[in-house]
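Notes for the one structure printed next.
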Amino acid sequence: MTQIKIGTRTSTLAMWQANKVRQILHDNGCKTKIVGISSQGDKSLGGDLASTVGQFIHAVDNELMAGNIDIAVHSSKDVPVKISDEIVNLAYLERGCTNDLLIFP
């Protein structure tokens, strides 16, 4: 059986999401491997995050289009409205609990 290569950023959230996808695929009989990819956004943390749309996804998407990974896992907050025509949004994880909140003094 072919191993599905799951590409994602190396952040804690991205790895958690990729492992969730990995578990779903594993439960359905697929062999998988997670490939961590550092993005431009990861390299420039602390800068103006709004200045470059998609800076957290381009490196992963480039690996996908080059055939180095089979699927890409992104956090929806990082995905711009317009993405490359070469990429298809196939699935979304079920939404988790939304009962958290932030209280400022």
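When the letters of the sequence shown are read in order and numbered with the working numbering, they come out as residues 187 to 291.
Where a beta carbon is used, it is the ideal one built from N, C-alpha and C, also for glycine.
Report the residue from V207, D213, A200 whose alpha carbon sits nearest the alpha carbon of S225. On the sequence shown, position 39 is the one that residue 225 refers to. Comparing Cα positions, the closest option is A200.
Exposed or buried, G215, counting other C-beta atoms within 10 Å across all chains shown (16 or more means buried)? In the sequence shown, residue 215 corresponds to position 29, counting from 1. Classification of G215: exposed, given that the 10 Å Cβ count is below 16.
Go to Q189, then tell me how far its beta strand (DSSP E) extends in each direction, as first and last residue. Taking the first residue of the sequence shown as position 1, residue 189 is located at position 3. Q189 -> beta strand (DSSP E) spans 189-195.
When you compare only the Cα positions, how much space is there between L288 and T194? Within the sequence shown, numbered from 1, the residue matching residue 288 stands at position 102. Within the sequence shown, numbered from 1, the residue matching residue 194 stands at position 8. Approximately 27 Å between the Cα atoms of the pair.
Taking 8 Å as the limit between beta carbons, can you name the residues of its chain near I190, skipping five residues before and five after? Residue 190 sits at position 4 when you count from the first residue of the sequence shown. For I190, where only same-chain residues beyond five positions count, the Cβ hits under 8 Å are L211, C216, K217, T218, K219, D256, I257.
Does DSSP classify T284 as helix, strand or coil? For this step, residue 284 is matched to residue 98 along the sequence shown. In the structure shown, T284 sits in coil (DSSP, three-state: anything other than H, G, I, E or B).
Going straight from the alpha carbon of K268 to that of D247, what length do you get? Reading the sequence shown from its first residue, position 82 is the one you call residue 268. Reading the sequence shown from its first residue, position 61 is the one you call residue 247. Using only the alpha carbons, I get a separation of about 13 Å.
P266: which of E249, G282, Q241, D286 sits nearest, CA to CA? By 1-based counting over the sequence shown, the position of residue 266 is 80. For the residues E249, G282, Q241, D286, the minimum Cα distance to P266 belongs to Q241.
Outcome for L279 when other beta-carbon atoms lying within 10 angstroms are tallied against a minimum of 16: Residue 279 sits at position 93 when you count from the first residue of the sequence shown. The residue in question, L279, is exposed, as its Cβ has fewer than 16 Cβ neighbours within 10 Å.
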